[in-house]
Every structure is written in C-alpha cells, then in structure tokens.
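Going by my numbering, the letters in the sequence shown line up with residues 120 to 274, in that order.
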Amino acid sequence: MINKVVSVVLVVVGIALYGCGREGNGDGSSASNDVGVNPSGPLWSYDYDTTIQDFRLTRLRTVDSDTLNVATIFSILNTTWPDINLVHQRTSNDTIFIYIPASQYLTQQMGSTGPVQFFVTATYSLTELDGIRYVSYQFQPGDHAEPGVYSRESF
Numbered sequence: 120m121i122n123k124v125v126s127v128v129l130v131v132v133g134i135a136l137y138g139c140g141r142e143g144n145g146d147g148s149s150a151s152n153d154v155g156v157n158p159s160g161p162l163w164s165y166d167y168d169t170t171i172q173d174f175r176l177t178r179l180r181t182v183d184s185d186t187l188n189v190a191t192i193f194s195i196l197n198t199t200w201p202d203i204n205l206v207h208q209r210t211s212n213d214t215i216f217i218y219i220p221a222s223q224y225l226t227q228q229m230g231s232t233g234p235v236q237f238f239v240t241a242t243y244s245l246t247e248l249d250g251i252r253y254v255s256y257q258f259q260p261g262d263h264a265e266p267g268v269y270s271r272e273s274f
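Printed below as a string of structure tokens:
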C-alpha cells in the first residue's frame with residue numbers, strides 16, 4: 120500500500136515539475152509574460168552582472184506587438200519607476216516626446232548609475248513601439264541627469 124502511495128506521489132510531482140519546466144518559448148522568454156497578458160512588469164533590465172564585472176542589458180520578457188501601445192508602455196515604466204512620473208507629450212515621426220514633471224529623484228537622488236539604468240530601460244521599452252526610434256526626454260536638469268534625445272544606439 121505504501122509503495123503505491125509513493126508511486127502516485129512521485130508521478131504527480133514529476134508531472135508538476137515537467138509542467139513548470141515547459142513554460143517559455145525556448146528562447147529564455149516566457150509566453151505567460153507577454154505584454155498582452157501582463158502589462159505590469161518591466162520589459163528590460165540594465166543591472167550589474169558580477170560575472171562579467173559590467174552592466175548587462177537583459178530582455179525580461181517578449182512583447183506582443185499587436186497589443187503594445189503608448190499607454191501600456193507608460194503604465195509599465197511608471198510602475199517600474201514609481202518615483203519618476205513619465206508624461207507622454209506627443210509623438211512625431213520616429214520620436215516620442217516625454218516630460219518628467221518632478222525630476223529631482225532622477226537627477227539628484229539616484230546617484231550616477233540610477234539615471235543610466237532608467238534611461239536604458241525606458242528607452243529600450245519605448246522603442247519597442249512600432250516606428251519609434253528616438254525618445255526625447257524633457258525635465259529640469261540636475262547633477263546626475265540632463266534632458267536629451269536617446270535611441271538604442273545611445274547605450
């Protein structure tokens with residue numbers, strides 16, 4: 120009787136583990152994390168990698184371009200960076216114009232590395248939008264960040 124119970128438990132655990140391992144697309148991304156399903160988490164990360172002793176840009180999840188829009192990206196970025204409130208001013212040709220009304224956190228309180236992490240992840244996220252290649256950031260300059268136009272090639 121005990122052997123039968125143990126066998127059933129092992130089969131159930133094996134199926135559960137197999138199911139957990141099957142999530143994803145084989146490319147390191149997870150289908151359940153597409154923007155069309157869960158728009159709250161960040162798309163990109165730019166963090167220090169102790170293995171390579173440098174910063175590394177990492178795509179955290181794939182993007183469903185059919186459901187991706189300006190409102191979704193702004194929601195993601197404003198949730199990811201709650202102390203930096205991004206406001207969409209306008210879009211013109213291949214450039215999206217962003218205003219940061221209260222920039223003190225970005226320019227004075229994040230140190231030198233924090234603003235770079237923000238600009239990299241925000242720029243990569245915003246340039247996921249169809250036709251957008253450049254992001255123009257407007258805000259009051261400070262010690263650690265200044266307004267400007269960035270693209271993926273900027274980093």
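Beta carbons: idealized from backbone N, C-alpha and C, even for Gly.
Can you say whether R271 is buried or exposed, counting buried as having 16 or more other CB atoms within 10 angstroms of its CB? exposed
DSSP has F258 in a bridge; who is on the other side? In DSSP, F258 forms no bridge with anything.
Beta strand (DSSP E) runs contained entirely in the stretch 195 to 243, provided each spans 3 or more residues: Within the stretch 195 to 243, complete beta strand (DSSP E) segments of at least 3 residues are found at 206 to 211, 214 to 218, given in chain order.
Where DSSP assigns a beta bridge to R175, which residues make up the other side? D166
Could you have a look at V182 and say whether DSSP puts it in helix, strand or coil? Here DSSP, grouped into helix, strand and coil, assigns V182 to coil.
What separation, rounded to the nearest whole angstrom, lies between the Cα atoms of A221 and F258? 8 Å
Identity of the residue in F237, D168, Q227 nearest P201 by Cα: Minimum Cα distance to P201 is reached at F237.
Among I195, I171, I217, T186, which one has its Cα closest to the Cα of G160? I195
Proximity of T191 and S255 at Cβ, strictly below 9 Å: no
Residues near P266 in its chain [Cβ-Cβ closer than 7 Å; skip 5 each side]: Y256, Q257, F258, P260
Is the separation between the beta-carbon of I219 and that of V235 shorter than 9 Å? no
Endpoints, beta strand (DSSP E) assigned at G267: 267 to 269
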